[in-house]
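In what follows, a structure is listed as structure tokens, so that the remarks can point back to it.
Residue numbers (the numbering used here): 11 to 138.
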């Protein structure tokens, strides 16, 4: 892997809270290998990018983190809240850059069902 890509990934992981590192196609293949039928699988982002939305979120969360930091410095907010805010926002720019480069997608949606459930559900709606 590209070292810069890996650096970005390490920075954005805390922003996302948990990161599935496989590609969307690898994830789909694993779901199918587990016996599920994938009924929907695509990136639902506008123009396949989340960067515009992420920039709006950044404009909200980074100033809020600064406010929480100030409130912590004068003793009104416990340290744990400030640390969580810092951890959640530290890699914001890395996440935006990664989205723009296509390294990560926050908009992929996959729906899958077990084939047995498909049969059962369709049987419930049959008009005999």
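For glycine and all other residues, C-beta sits at the position ideal for the given N, C-alpha and C. Note that the structure is predicted; figures quoted are calculated from it, not measured.
Just the Cα atoms here: how many angstroms apart are residue i and residue j?
i	j	result
residue 17	residue 85	34 Å
residue 105	residue 47	31 Å
residue 83	residue 58	40 Å
residue 90	residue 124	42 Å
residue 109	residue 88	33 Å
residue 72	residue 100	9 Å
residue 64	residue 97	16 Å
residue 15	residue 112	10 Å
residue 13	residue 22	14 Å
residue 45	residue 52	19 Å
residue 27	residue 126	33 Å
residue 122	residue 80	46 Å
residue 117	residue 39	18 Å
residue 43	residue 37	10 Å
residue 54	residue 119	7 Å
residue 95	residue 77	10 Å
For a test of the three-state rule: what should DSSP assign to residue i, helix, strand or coil?
i	result
residue 23	helix
residue 46	coil
residue 79	helix
residue 108	helix
residue 59	coil
residue 34	helix
residue 70	helix
Just mark residue i as buried or exposed, buried being the case when its beta carbon has 16 or more other beta carbons within 10 Å.
i	result
residue 114	buried
residue 50	exposed
residue 19	buried
residue 75	buried
residue 66	exposed
Mind checking who residue i pairs with in its DSSP beta bridge?
i	result
residue 124	The partner list for residue 124 (beta bridge, DSSP) is empty, contrary to what the question assumes.
residue 51	120
For my contact list, residue i and residue j are in at a C-beta cut-off of 8 Å; report their separation, rounded to the angstrom.
i	j	result
residue 102	residue 41	The Cβ separation is near 30 Å, so there is no contact.
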